[in-house]
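Asks:
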Amino acid sequence: MVENNLKVWPFIEAKKLLKRFENSKKKECIFQTGYGPSGLPHIGTFGEVLRTTMVMKAFRYLSDIPSKLFVFSDDMDGLRKVPQNIPNQNLIKENLEKPLSSIPDPFGKFKSFSEHNNNKLIDFLKGFEFDFIFKSSTEQYKSGKFNEGLEAIFDNYEDICNVILPTLGKDRRETYSPFLPICKSSGKVLQVKVKELNKSLKKIVYFNPITNSEEDCSIFNGECKLQWKVDWAMRWYVLGIDYEMNGKDLIESYILSNKITKIIGGRSPVNYTYELFLDEKGEKISKSIGNGISVDDWLRFSNKKSLELFMFQNPSRAKRLFFDIIPKTTDELLKLKNDYENLPKEQKFNSPIWFIDEKNEEKTPEKISFNMILNLASVCNAESSEILWGFIENYYPKIVKEDNKLLNELLGYGVVFYKEFILPNKKYRNPSDKEKIGFKKLIEVLETSSTDEEPEEIQTKIYEIGMSLKFENLKDWFSAFYQVILGQDQGPRLGSFIKFYGLKKTILLLEEKLSDEK
RNA sequence: GCGCCCGUAGCUCAGUUGGUAGAGCACUCCCCUUUUAAGGGAGUUGUCAUGAGUUCGAGCCUCAUCGGGCGUGCCA
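Set out below in structure tokens:
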């Protein structure tokens, strides 16, 4: 059997699901990932959706059972703190503790804060062409779709409390309730003790500190929501979730939700715990601290596929997420892509490429690595990818631009890298009188040169200027160009540089530096 | 205190079911060079955190110790 050779983690996960379906009458396999819309989607959200999608892909290969992915937004949750990265902070402050879907959009574009963030998430995920169905918690509650599950929780109220209460601290134990009523006068999510269950009317009775009176509310149709761990269990139960992964920080929550699911007669999904992302110092990445790097950061310096590769590798191992791994991962991607074609068919399934870029249409010349491109960008004033392309073409004369879309893309990232990290750190020194004469001569020579000239010819002309000025060490003449004109100690071969940078542009650059001098 | 994860070359990390320790970067040398390397080739680098145990054989399995991270309140 081919299946025995499928050893990468998404296939191992998919096989667990196959086993689950052996004794099940279920006709559909549902995957779920969760998202808290109090902030914008971050790299953890992305990783979870991507990795779940990879399991789904493996499952679809192994099984004919239809499958779908729910991306569930907890937009019924009360907002506890004002996020620091948004406008109209006062507006949010006035609406704290209300469900996210009842808080106005501080950006003024949508009906609510959560709708804004939900839309950001959907756009974000669509940008990666994920195949998913979005689910809003608020919508599920208010439409009554959760009623069946809410009733199951209500009917097992005591058993559930007996599971949760021992895990809570003393203070919280006093106020805990699986049901959190939504205050009818203030709209806030109330964390209050339930005094009584009205079993015939399916209502809860509680003391509302806002109105200072005893009130009741139905458990149905969004009049109250469930506390998180119970909510998770109820959601598995009602939506029939078969697979959900979570970060290591949620292990305890999963165990509890698992117990609750059993109590209400459900079956917990197959679960996979992935490790958290760490920053450069080895500490947990957190949205509020802002350490580590974001999806956007990554995509400024490399492509989506490299980020996907990073997410594929070793989810069960804590990984440090900082800038240096971007070029590294990109080069691994290039290598894997180049190797993929020659893999025996059964080995292809174990390659990350099968999961992230099965068609694998775009490849790069074997000898060119992303690290090399970045080095190249840092030495040759890479203001545009055209300049980089010139150097590459010079080195690999047979290369055809139209056939190397991916390479071109990478050159673009090289330019970004140059502008971001190299350009701001440049230090230009003033030329000596002798060097000034040399540069003026160089301008004259370039002005009379044809644009057809080969790099070698230009190189010879520069060399001759150096000779005519009798530099003690000819190297100093070339160094002067790097230090005065390019703002760095070393650089590319000048003949090539001027050719690819452009004669006219080089003249302008020289004139600019000569007149800038103070 | 308890639970889980991690500790492999100077740095960042791979090491599949136990079978002679690997890669990239860095470093050294050579090639290429009418100044250079961004390139090509060769080379150096390890008490696999420590100590014991199981085994013919341990980076991998077991136990203990040390060091780091996360969880163990609330919230999600």
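Quick note: the first sequence uses our numbering, first residue 94, plus one each step. Ideal placement from N, C-alpha and C gives every residue a C-beta, glycine not left out. Being a predicted model, the structure only gives us computed values, none of them experimental.
1. Taking its Cβ as the centre, do 16 or more other Cβ atoms sit within 10 Å of V323, making it buried, or is it exposed?
2. For N351, I'd like the list of residues in its chain whose CB is within less than 7 Å of its CB, leaving aside the five on either flank, ordered along the chain.
3. CB of E106 to nearest heavy atom of the ligand ZN: below 6 Å?
4. With distances taken from CA atoms, which of S279, S395, I297 is nearest L426?
5. Counting only the same chain and skipping the five closest in sequence on each side, list residues whose C-beta sits under 7 Å from that of K288.
6. If distances are taken between C-alpha atoms only, which option among V493, D582, D372, D432 comes closest to S471?
7. What do you get for M94, buried or exposed, if any count of 16 or more other CB atoms within 10 angstroms of its CB means buried?
8. Based on the DSSP output, what are the partners of T366 in its beta bridges?
9. Beta-carbon separation of E439 and K498 under 7 Å?
10. According to DSSP, which residues form a beta bridge with T126?
11. Inspect the beta-carbon positions of V76 and L110 and report whether they are closer than 7 Å.
12. Compare the beta carbon distance of L467 and I446 with 7 Å and say whether it is the shorter of the two.
13. Return helix, strand or coil for I591, following the three-state DSSP convention.
14. What distance in whole Å lies between the Cβ atoms of V508 and E476, which are believed to be in contact at a cut-off of 8 Å?
15. Determine the closest residue to V164 out of I378, L143, N181, with distance taken between C-alpha atoms.
16. Apart from the five residues on each side of it in sequence, which residues of its chain come closer than 8 Å, Cβ to Cβ, to E90?
17. Taking only runs of the beta strand (DSSP E) that begin and end inside the stretch 214-277, which ones reach a length of at least 3 residues, in chain order?
18. Could you please give the first and the last residue of the uninterrupted beta strand (DSSP E) stretch that includes S311?
19. Mind reading off the beta-carbon distance from A245 to G140? Whole number of angstroms is fine, and I expect it under 8 Å.
20. So, with DSSP's three-state summary, where would you put P103?
21. Which whole runs of the alpha helix (DSSP H) in the stretch 163-195 are 4 residues long or more, in chain order?
22. Just the C-alpha distance for Y433 and I591, rounded to the nearest angstrom, thanks.
23. Between F442 and the rest of its own chain, which residues show a CB-CB distance below 6 Å, the 5 nearest in sequence each way excluded?
24. Around the C-beta of Y128, are 16 or more other C-beta atoms found within 10 angstroms, so that it is buried, or is it exposed?
25. So, using beta-carbon positions, are S270 and D167 closer together than 7 Å?
26. Spell out a yes or no on whether the stretch 233-249 and the stretch 307-320 are touching, meaning 3 or more CB-CB pairs, one atom from each, closer than 8 Å.
27. Residue ranges of each alpha helix (DSSP H) run of no fewer than 4 residues wholly in the stretch 461-530, ordered along the chain?
28. CB-CB under 6 Å to T422, same chain, minus the five flanking residues each way: which ones, in chain order?
29. Using a 10 Å radius around the Cβ and a threshold of 16 neighbouring Cβ atoms, would you call Y365 buried or exposed?
30. Between E528, I578, H209, F416, which lies nearest to F564 when the distance is taken from Cα to Cα?
31. Going by beta carbon distance, what residues of the same chain come within less than 6 Å of P524, once the five residues before and after it are set aside?
32. Since I551 and S542 are thought to touch, with beta carbons under 8 Å apart, how far apart are those beta carbons, to the nearest angstrom?
33. Is K295 helix, strand or coil when you go by DSSP?
34. For a test of the three-state rule: what should DSSP assign to L414, helix, strand or coil?
35. Rounded to the nearest angstrom, what separates L290 and K296 at their Cα positions?
36. Which value, in whole angstroms, describes the spacing of the CA atoms of P517 and E345?
Replies: Straight from the coordinates:
1. buried
2. S361
3. The ligand content of the structure shown is nil, which means the ligand ZN is not present either.
4. S395
5. Contacts found: V298, Y299, F300.
6. D582
7. Annotation note: pLDDT 42 at M94 (below 50); position unreliable, coordinate value reported separately. Per the 10 Å Cβ criterion, exposed.
8. N339
9. E439 is not a Cβ neighbour of K498, given a cutoff of 7 Å.
10. DSSP links T126 through a beta bridge to V164.
11. Given that the chain is displayed from residue 94 to residue 611, the structure contains no residue 76 and the question cannot be resolved.
12. no
13. helix
14. Indeed, because the Cβ distance is near 7 Å, the residues count as touching under 8 Å.
15. L143
16. Shown here, the chain extends from 94 to 611; a query on residue 90 therefore has no answer.
17. Scanning the stretch 214-277 for uninterrupted beta strand (DSSP E) segments of 3 residues or longer gives 226-229, 272-274, listed from N- to C-terminal end.
18. 306-311
19. About 32 Å; that fails the 8 Å criterion.
20. Here P103 sits in helix by DSSP.
21. 182-187
22. 38 Å
23. The residues are L99.
24. buried
25. no
26. yes
27. 463-472, 478-488, 498-510
28. Same-chain partners within the cutoff: S399, L402, F403.
29. Buried.
30. E528
31. Cβ neighbours of P524 beyond the five flanking positions: V577.
32. 7 Å
33. coil
34. coil
35. 6 Å
36. 47 Å
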